[in-house]
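A.B. asks: In this text, residue positions in the sequence shown follow the UniProt record's numbering: the first is 1, and each later residue adds one.
Even glycine gets a Cβ: it sits at the ideal position worked out from N, Cα and C.
Being a predicted model, the structure only gives us computed values, none of them experimental.
Can you read through this structure? Questions will come right after.
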Amino acid sequence: MSENSNVALIQRVRGESFLVAPRYINLKYLGNGCYGMVVSALDTKTDTPVAIKKISPFDYQTYCQRTLRELRILTRFKHENVIEENSYRLLIGICDFGLARSCDFGYDSGFLTEYVATRWYRAPDVMLNSRGYNKAIDIWSCGCVLAEMMLGRPLFPGRHYLDQLNMIFAVIGSPSNDDLECIHNEKVKKLDLPSHCFSLNYKKINFLRLDPLDMLDKLLTFNPDKRYTADEALAHPYLAQYYDADDEPICLTPFTYDDELSGVPSTCSPDTLRKQYHRLLLEYHPDKCFDVEKLERYYSIKNAFKILSDDTLRQNYEQEQKRQTLIMMPLLHVHIDDMDEFVDNDSRNISYSYDCRCGTLLTVENDKLQELEINGTIIIECENCSMTIEIRK
Numbered sequence: 001m002s003e004n005s006n007v008a009l010i011q012r013v014r015g016e017s018f019l020v021a022p023r024y025i026n027l028k029y030l031g032n033g034c035y036g037m038v039v040s041a042l043d044t045k046t047d048t049p050v051a052i053k054k055i056s057p058f059d060y061q062t063y064c065q066r067t068l069r070e071l072r073i074l075t076r077f078k079h080e081n082v083i084e085e086n087s088y089r090l091l092i093g094i095c096d097f098g099l100a101r102s103c104d105f106g107y108d109s110g111f112l113t114e115y116v117a118t119r120w121y122r123a124p125d126v127m128l129n130s131r132g133y134n135k136a137i138d139i140w141s142c143g144c145v146l147a148e149m150m151l152g153r154p155l156f157p158g159r160h161y162l163d164q165l166n167m168i169f170a171v172i173g174s175p176s177n178d179d180l181e182c183i184h185n186e187k188v189k190k191l192d193l194p195s196h197c198f199s200l201n202y203k204k205i206n207f208l209r210l211d212p213l214d215m216l217d218k219l220l221t222f223n224p225d226k227r228y229t230a231d232e233a234l235a236h237p238y239l240a241q242y243y244d245a246d247d248e249p250i251c252l253t254p255f256t257y258d259d260e261l262s263g264v265p266s267t268c269s270p271d272t273l274r275k276q277y278h279r280l281l282l283e284y285h286p287d288k289c290f291d292v293e294k295l296e297r298y299y300s301i302k303n304a305f306k307i308l309s310d311d312t313l314r315q316n317y318e319q320e321q322k323r324q325t326l327i328m329m330p331l332l333h334v335h336i337d338d339m340d341e342f343v344d345n346d347s348r349n350i351s352y353s354y355d356c357r358c359g360t361l362l363t364v365e366n367d368k369l370q371e372l373e374i375n376g377t378i379i380i381e382c383e384n385c386s387m388t389i390e391i392r393k
């Protein structure tokens, strides 16, 4: 196959098959999430690394709804302080919301769990209260992150639950009887908690100046009712050079799950959810959404597997595809009779052309026509808009 071939290929990574355009090469395993495998690849068109996730959202109704909801959140996940890496070569970290929990008590009181936040950044009120915590736990996590930025290493790298509490109390001191009143779990109140004297001048952080030390003191307070709020933290002298009381935007509308789930059907067929998926994905690429009512043509990519000459591999992959969905660009089906035919006067070779919706003229040369004759279908990709097109006999 030539370097300029734009026929889609199936690449296998640790037993998983990925049908991707030829512009994506060097697929390597990154990890497995809740929904499927994630691989890295190099986009040869832009010369940038990309991540490709293969998901299985249609195995369970809950997975369908959850993935659709999260895709909707992603469409609005923008912030003025997030700078594109390619613009200024700044590395950006966006947190993983996998252990986030909702405080929308009006929706479902069971959303709060003890298993929230990574252990090293987990507030003691989470560990001791289980479900009696609030947004103050995020302030504690901010304190842990701030300390780590100052120290160059985690402040509380606990190996397990008790070790985590020991490390915390060794730095902030053991809670007083008054502070223990914020713990609503009666069993915890009866525990023999480790005893340490209060001292933020612990050997780990005693070299810090007064302002940052006081800032940490306010953020890493055991009692969440006495812990700094976000507004108080922003107004602390340590952040004086960055703080502007008139320019501290807040969310005017509290988060509720009803807003996020509005329009997400609670009971419907996988095909209906699949349609909503693709409508949502096209919001990222509105230039490709020329006719929403014709989205049916995008829902199946199994015909693309016919490009394989290996019947066994093709059959195995088609069987797997019945339950797997690969997040990729929409697939446009075009019949060869709908394309313009050209005959070279010298070689007498026949070629076909097709006008992509972006205006690019796509050409199918003689060698591809031979492949079409054998397999009944070929797949090409527009180099300008990345539209994937399946050509059938």
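Under the three-state reduction of DSSP, which class applies to residue 157: helix, strand or coil?
C.D. replies: By one-based count along the sequence shown, residue 157 stands at place 157. Reduced to three states, the DSSP call for residue 157 is coil.
A.B. asks: Sort out for me which residues DSSP pairs residue 335 with in a bridge.
C.D. replies: If you number the sequence shown from 1, residue 335 lands on position 335. BP columns for residue 335 point to 392.
A.B. asks: Quick check on residue 141: does DSSP put it in helix, strand or coil?
C.D. replies: Translated into the one-based positions of the sequence shown, residue 141 becomes position 141. Here residue 141 sits in helix by DSSP.
A.B. asks: Apply the 10 Å Cβ neighbour rule to residue 298 and answer buried if 16 or more other Cβ atoms are within range, or exposed otherwise.
C.D. replies: Mapped onto the sequence shown, residue 298 falls at position 298. With a pLDDT of only 39 at residue 298, under 50, the local geometry of the prediction cannot be trusted, and the value read off the model is given with reservation. When all chains shown are included, residue 298 counts as buried.
A.B. asks: Can you tell me whether residue 241 is buried or exposed, with buried defined as 16 or more other CB within 10 angstroms of its CB?
C.D. replies: Indexing the sequence shown from 1 puts residue 241 at position 241. Looking at its Cβ environment, which holds fewer than 16 other Cβ atoms inside 10 Å, residue 241 is exposed.
A.B. asks: Looking at residue 31 and residue 54, is the spacing between their C-beta atoms short of 9 angstroms?
C.D. replies: Working through the sequence shown from its first residue, we reach residue 54 at position 54. Working through the sequence shown from its first residue, we reach residue 31 at position 31. Their beta carbons are not under 9 angstroms apart, which means residue 54 does not touch residue 31 by this criterion.
A.B. asks: If you follow the alpha helix (DSSP H) that residue 178 is in, where does it begin and where does it stop?
C.D. replies: Residue 178 sits at position 178 when you count from the first residue of the sequence shown. Taken as a continuous stretch (DSSP letters only), residue 178 belongs to no alpha helix (DSSP H), as it is neither H nor E.
A.B. asks: Quick one: what's got a C-beta closer than 8 angstroms to residue 212's C-beta in the same chain, skipping five residues either side?
C.D. replies: By one-based count along the sequence shown, residue 212 stands at place 212. Taken in chain order, the residues that qualify are 146, 150 and 238.
A.B. asks: Among 135, 166 and 134, which one has its Cα closest to the Cα of residue 120?
C.D. replies: Here residue 120 corresponds to residue number 120 of the sequence shown, with the count starting at 1. The option with the nearest alpha carbon to residue 120 is 166.
A.B. asks: If you draw a straight line from the C-alpha of residue 244 to the C-alpha of residue 233, how long is it?
C.D. replies: Along the sequence shown, read from residue 1 onward, the residue named residue 244 stands at position 244. Along the sequence shown, read from residue 1 onward, the residue named residue 233 stands at position 233. Taking the straight line from one Cα to the other gives about 12 angstroms.
A.B. asks: Per DSSP, what kind of secondary structure is residue 18 in: helix, strand or coil?
C.D. replies: Within the sequence shown, numbered from 1, the residue matching residue 18 stands at position 18. Looking at residue 18 - three-state DSSP - the assignment turns out to be strand.
A.B. asks: On the criterion of 16 or more Cβ atoms from any shown chain inside 10 Å, does residue 123 qualify as buried, or is it exposed?
C.D. replies: Translated into positions along the sequence shown, residue 123 becomes position 123. It is buried - the Cβ of residue 123 has at least 16 other Cβ atoms within 10 Å.
A.B. asks: For residue 51, which residues in the same chain have their Cβ closer than 8 angstroms to its Cβ, ignoring the five residues on either side in sequence?
C.D. replies: Within the sequence shown, the letter at position 51 stands for residue 51. Same-chain partners within the cutoff: 30, 38, 39, 40 and 41.
A.B. asks: Using the C-alpha atoms, what's the distance from residue 66 back to residue 280?
C.D. replies: Residue mapping note: residue 280 aligns to position 280 of the sequence shown, counting from 1. Residue mapping note: residue 66 aligns to position 66 of the sequence shown, counting from 1. Going by the C-alpha atoms only, they are around 14 angstroms apart.
A.B. asks: DSSP three-state label for residue 32, please.
C.D. replies: Position 32 of the sequence shown, counted from the start, is the residue given in the question as residue 32. Correct three-state label for residue 32: strand.
A.B. asks: How big is the Cα-Cα spacing for residue 231 and residue 71?
C.D. replies: Reading the sequence shown from its first residue, position 231 is the one you call residue 231. Reading the sequence shown from its first residue, position 71 is the one you call residue 71. Between residue 231 and residue 71, the C-alpha separation is close to 31 angstroms.
A.B. asks: In the DSSP output, what is residue 65 paired with across the bridge?
C.D. replies: As a first step, residue 65 is located in the sequence shown; it is residue number 65 there, counting from the start. For residue 65, which the question treats as bridged, DSSP gives no partner whatsoever.
A.B. asks: Are residue 210 and residue 142 touching if we call contact CB-CB under 9 angstroms?
C.D. replies: Along the sequence shown, one-based indexing puts residue 210 at 210. Along the sequence shown, one-based indexing puts residue 142 at 142. Going by C-beta atoms, residue 210 is not nearer than 9 angstroms to residue 142.
A.B. asks: At what residues does the alpha helix (DSSP H) containing residue 218 begin and finish?
C.D. replies: Position 218 of the sequence shown holds residue 218. From DSSP, the alpha helix (DSSP H) with residue 218 extends over 210–219.
A.B. asks: Report back the beta-carbon spacing between residue 128 and residue 144 to the nearest angstrom; my notes put them in contact at under 8 angstroms.
C.D. replies: The count along the sequence shown starts at 1 and reaches residue 128 at position 128. The count along the sequence shown starts at 1 and reaches residue 144 at position 144. At roughly 17 angstroms, the Cβ-Cβ gap does not stay under 8 angstroms, so residue 128 and residue 144 are not in contact.
A.B. asks: When you compare the CB positions of residue 336 and residue 391, do they come within less than 9 angstroms of one another, or not?
C.D. replies: Working through the sequence shown from its first residue, we reach residue 336 at position 336. Working through the sequence shown from its first residue, we reach residue 391 at position 391. Yes, the Cβ-Cβ distance between residue 336 and residue 391 is below 9 angstroms.
A.B. asks: Classify residue 137: buried if its beta carbon has 16 or more other beta carbons within 10 angstroms, exposed otherwise.
C.D. replies: Here residue 137 refers to the residue found at position 137 when the sequence shown is read from its first residue. So residue 137 counts as buried.
A.B. asks: Using the Cα positions of residue 393 and residue 360, report the straight-line distance between them to the nearest angstrom.
C.D. replies: Position 393 of the sequence shown, counted from the start, is the residue given in the question as residue 393. Position 360 of the sequence shown, counted from the start, is the residue given in the question as residue 360. Cα to Cα, residue 393 sits roughly 22 angstroms from residue 360.
A.B. asks: Are residue 183 and residue 125 closer than 9 angstroms when you measure CB to CB?
C.D. replies: Counting from 1 along the sequence shown, the entry for residue 183 is found at position 183. Counting from 1 along the sequence shown, the entry for residue 125 is found at position 125. It is a contact, given that the beta carbons lie within the stated cut-off.
A.B. asks: Check residue 237 in the structure and name its three-state DSSP category.
C.D. replies: Counting from one through the sequence shown, the residue named residue 237 turns up at place 237. In this structure, residue 237 counts as helix in the three-state DSSP scheme.
A.B. asks: On the DSSP bridge list, what partners appear for residue 168?
C.D. replies: The sequence position of residue 168 within the sequence shown is 168, counting from 1. Residue 168 is not bridged to any residue.
A.B. asks: Could you check whether residue 389 and residue 354 sit closer than 9 angstroms to each other, using their CB atoms as the reference points?
C.D. replies: For the purposes of this step, residue 354 is identified with residue 354 of the sequence shown, where counting begins at 1. For the purposes of this step, residue 389 is identified with residue 389 of the sequence shown, where counting begins at 1. The answer is yes: Cβ separation under 9 angstroms.
A.B. asks: Among 216, 181 and 162, which one has its Cα closest to the Cα of residue 148?
C.D. replies: By 1-based counting over the sequence shown, the position of residue 148 is 148. Of the listed residues, the one whose Cα sits closest to residue 148 is 216.
A.B. asks: Would you list the residues sitting across from residue 341 in a DSSP beta bridge?
C.D. replies: Numbered from its first residue, the sequence shown carries residue 341 at position 341. The partner list for residue 341 (beta bridge, DSSP) reads 352.
A.B. asks: Starting from the C-beta of residue 11, find all residues in its chain whose C-beta is less than 6 angstroms away, skip the five residues before and the five after it, and write them out in chain order.
C.D. replies: The residue labelled residue 11 in the question sits at position 11 within the sequence shown. So the qualifying residues of the chain are 18 and 27.
A.B. asks: Tell me which same chain residues have a C-beta within less than 7 angstroms of the C-beta of residue 168, skipping the five on either side of it?
C.D. replies: Counting from one through the sequence shown, the residue named residue 168 turns up at place 168. 124 and 156, listed in sequence order.
A.B. asks: Could you have a look at residue 129 and say whether DSSP puts it in helix, strand or coil?
C.D. replies: If you number the sequence shown from 1, residue 129 lands on position 129. Note: residue 129 maps to helix in three-state DSSP.
A.B. asks: Using DSSP bridges, identify the partner residues of residue 24.
C.D. replies: Indexing the sequence shown from 1 puts residue 24 at position 24. DSSP, once it has assigned bridges, lists 43 as partnering residue 24.
A.B. asks: Skipping 5 residues on each side, what residues in its chain have a beta carbon closer than 6 angstroms to that of residue 229?
C.D. replies: Numbered from its first residue, the sequence shown carries residue 229 at position 229. So the list is empty, once near-sequence residues are dropped.
A.B. asks: Specify, as a first and last residue, the run of the beta strand (DSSP E) that residue 49 falls within.
C.D. replies: If you number the sequence shown from 1, residue 49 lands on position 49. Counting along the chain, the beta strand (DSSP E) containing residue 49 begins and ends at 48–55.
A.B. asks: Do you know offhand how far residue 175's Cα is from residue 49's?
C.D. replies: One-based indexing of the sequence shown puts residue 175 at position 175. One-based indexing of the sequence shown puts residue 49 at position 49. Using only the alpha carbons, I get a separation of about 48 angstroms.
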